[in-house]
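Asks: Following this message is one structure expressed as structure tokens.
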Amino acid sequence: MTERTCLAVVLAAGEGTRMKSERSKVLHAVAGLPMIGHVVAAVEAAGVEDVALVIGRDGDAVSAAASSGAARISTHLQTERLGTGHAVLAAREAIARGYDDVLVLFGDTPLLLPDTLKAARAALADGADVTVIGFNTDKPTGYGRLLERDGALVAIREEKDASEKERAVTFCNGGLMAIRGGDALTLIDAIGNDNAKGEYYLTDIVEIVRARGGSAVAIEAPAEQLMGVNTRAELAVAEAVWQARRRQTLMLSGVTMIAPETVFLAHDTVIEPDAVIEPNVVFASGVTVRGGAVIHPFCHIEQSEIGPGAQIGPFARLRPGSKLGAGSKVGNFCEVKKSVVGEGAKINHLSYIGDAQIGAKANIGAGTITCNYDGTNKHLTEIGAGVFVGSNTSLVAPVSIGEGAYIASGSVITENVEADALALARARQTAKPGRARDIRARNAALKERKQGKS
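Below is the structure:
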């Protein structure tokens, strides 16, 4: 297969009015990646290097969302909506460059897998002129039926045009197609619009190729792979399918998920074997979890790296730029942002660590805050190896705490602290005997006077 050249024509110009959105349908995300990105990723993984993207609404944004991988992408504007056959011809210039295979796909099928595209191309390599990808369902109502005879595909019949016998067929058109490249333009140009809507239907290509002595075949794929997303409800279904599929893959690779249905992953989440993910964890984009790490319940993690054997949570939030060393710990109700936490360091309780570098085996006490923002700029806090920061401490950046230093609880640190020093920065405690009783009496009298006036 690798020696055959291939162009994927991805139709992404649909208005998507049923999404009830100001954005193009294909820009809506599954697992944090726009649907068009999923489709192009599947194309790339199938070994296709050239993509002709047929765009309309939000064309620049759609092109940008599709261009994150290695494929060479050309964009082609569809100015009229005259059916799928007409949409493909918007990419005429790309098709005319000459490829062995031409794939036609839709930008709203985010669950498509590369092996299905490889199978469609393999059928062309075996001699077919057209390959149609279909699915079997016990609820075929509304779908075009794939009509076969002696292993060949003879027609795609829309339900409204089908006979009673044809409607009983459960093998349905999934909309995706592979065409022998040398004949692609000739066949598509031959599609007419003699129908009730006056549109050019790509499905007519099957009967056209057979009338010219060519061959068409249908291959089967799971129905979920061919699912097109047209509404927010269908988007949620696609999300659920994607999540279940990805969780299964990770668990089979050696990741433990105690309640997998409560774990939500991004399209690029990386979790290594022997990591443990406890219930109710959300991974946004850009997260890597190394082997042996444990993510306790109710954590939200984004654009962060969690080192081997580290522990997170429960109820922790890692924001972009966080990097946790081996065996480190970020405990309950802690937030870390754009910070490096050294090997074996601990941030156990109720702390905010932002724009910081924390050395190995440092201990950050409960309620510690790095005061990193002055209202205009962010500043760095440096905490050396083995530092002990007492509870309820504020570290006003920019500030540096040397290795082995000890910061007394309740301090507000505004100046650098040298290695192995003890730093205290708080008001001296004083006690006034009997004053509490006087204050209560004064407050009670004030309350009585206010009540009397009312």
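Letter by letter, the sequence shown follows residues 48 to 501 in the working numbering. We put the CB at the ideal spot given by N, CA and C, even for glycine.
1) Could you check what DSSP says for Arg473 in three-state terms: helix, strand or coil?
2) Which stretch, first to last residue, makes up the beta strand (DSSP E) that contains Arg490?
3) Less than 9 Å between the beta carbons of Leu58 and Ala313, yes or no?
4) How many Å lie between Arg128 and Glu62 at the Cα?
5) Check whether the stretch 231-238 and the stretch 117-127 are in contact - that is, three or more C-beta pairs closer than 8 Å.
6) What residue range is occupied by the uninterrupted beta strand (DSSP E) comprising Pro120?
7) Just to confirm before moving on: does the CB-CB distance between Ala403 and Glu429 stay below 9 Å?
8) From Asp156 to Tyr247, what does the alpha carbon distance come to, in whole angstroms?
9) In three-state terms, what does DSSP make of Gln396?
10) Applying the 10 Å Cβ sphere with the 16-neighbour rule, what's the burial state of Ile142?
11) Assuming Ala55 contacts Leu152 (C-beta within less than 8 Å), just tell me the rounded distance between them.
12) Given that a residue counts as buried once 16 or more other Cβ atoms are within 10 Å of its Cβ, and exposed if not, what is Val358?
13) How about Gly356 and Ala331: are their beta carbons less than 9 Å apart?
14) Quick one: grab the DSSP three-state call for Met48.
15) Using 9 Å as the threshold, is the C-beta distance between Gly406 and Glu349 below it?
16) Checking the sheet assignment: what are the DSSP bridge partners for Glu382?
17) Between which two residues does the beta strand (DSSP E) harbouring Met224 extend?
18) Quick one: what's got a C-beta closer than 8 Å to Leu194's C-beta in the same chain, skipping five residues either side?
19) At 4 residues or longer, what runs of the alpha helix (DSSP H) sit wholly inside the stretch 150-216?
20) Would you call the stretch 294-307 in contact with the stretch 60-75, where contact means no fewer than 3 C-beta pairs closer than 8 Å?
21) Just list the residues that DSSP pairs Met304 with in beta bridges.
22) Can you name, in chain order, every residue of its own chain whose Cβ lies under 7 Å from the Cβ of Val73, other than the five neighbours on each side?
23) Whole angstroms are fine: how far does the CA of His85 sit from the CA of His123?
24) Is Gly189 buried or exposed, if buried means 16 or more other CB atoms sit within 10 Å of its CB?
25) Rounded to whole angstroms, what's the CA-CA distance from Asn220 to Arg366? Just pull it up for me.
26) Would Val77 and Trp289 be called neighbours here (beta carbons separated by less than 9 Å)?
27) With three or more C-beta pairs closer than 8 Å as the rule, is the stretch 176-187 touching the stretch 255-270?
28) Flag this pair as touching only if the stretch 491-501 and the stretch 439-459 have three or more C-beta atom pairs under 8 Å; answer yes or no.
29) Counting only the same chain and skipping the five closest in sequence on each side, list residues whose C-beta sits under 7 Å from that of Met48.
30) To the nearest angstrom, how far is it from the Cα of Glu286 to the Cα of Phe362?
31) Under 8 Å by Cβ, that's how I've got Ala322 and Gly333 pegged, so tell me the actual separation to the nearest angstrom.
32) Just checking my contact of Glu462 with Val436 at CB under 8 Å: how many whole Å lie between their CB atoms?
33) Using the C-alpha atoms, what's the distance from Asp148 back to Gln272?
34) Provide the residue(s) that pair with Gln358 in DSSP beta bridges, ordered along the chain.
35) Tell me which same chain residues have a C-beta within less than 6 Å of the C-beta of Cys346, skipping the five on either side of it?
36) Would DSSP call His347 helix, strand or coil?
Replies: Let me lay it out:
1) Annotated three-state conformation of Arg473 is coil, per DSSP.
2) What sits at residue 490 in the sequence shown is Asn, not Arg. Where Asn490 is concerned, there is no enclosing beta strand (DSSP E), although the alpha helix (DSSP H) it sits in stretches over Arg482 to Lys500.
3) no
4) 10 Å
5) no
6) At residue 120 the sequence reads Ile, which differs from the Pro that was named. Its beta strand (DSSP E) spans residues Arg119 to Leu124.
7) yes
8) Residue identity differs from the one stated: residue 156 is Thr in this sequence, not Asp. Rounded to whole angstroms, Thr156 to Tyr247 spans 21 Å at the Cα level.
9) Looking at the sequence shown, residue 396 is not Gln but His. Reduced to three states, the DSSP call for His396 is strand.
10) buried
11) 6 Å
12) With the sequence shown as reference, residue 358 is identified as Gln, and Val is not the correct amino acid for it. Answer is buried; the Cβ neighbour count reaches 16.
13) no
14) With a pLDDT of only 42 at Met48, under the threshold of 50, the placement of this residue in the model should not be trusted, and no figure is reported.
15) no
16) According to DSSP, Glu382 bridges with Arg364 and Tyr399.
17) Phe218 to Arg227
18) In chain order, Leu200, Val201, Ala202, Ile203, Arg204, Glu213 and Val216 place their CB closer than 8 Å to the CB of Leu194, counting only its own chain and leaving out the 5 sequence neighbours on each side.
19) 161-172 and 211-214
20) Not touching, per the Cβ criterion.
21) Ile324
22) Ala59, Pro81, Met82, Ile83, Val109, Gly154 and Asp155
23) 19 Å
24) By the neighbour-count criterion, in which 16 or more other beta carbons inside 10 Å mark a residue as buried, Gly189 falls on the exposed side.
25) 44 Å
26) yes
27) yes
28) In short, these stretches do not touch, since the Cβ pair count stays below three.
29) The predicted model places Met48 with a pLDDT of 42, which falls under 50 and marks its position as unreliable; any figure quoted below should be read in that light. Result list for Met48: Gly94, Lys165, Arg168, Ala169 and Ala172, in chain order.
30) For the pair Glu286 and Phe362, the Cα-to-Cα distance works out to about 24 Å.
31) In fact, because the Cβ distance is near 16 Å, the residues do not count as touching under 8 Å.
32) Contact doesn't hold; Cβ gap of about 15 Å is too wide.
33) 21 Å
34) Val341 and Lys376
35) Val328, Ile359, Gly360 and Ala363
36) strand
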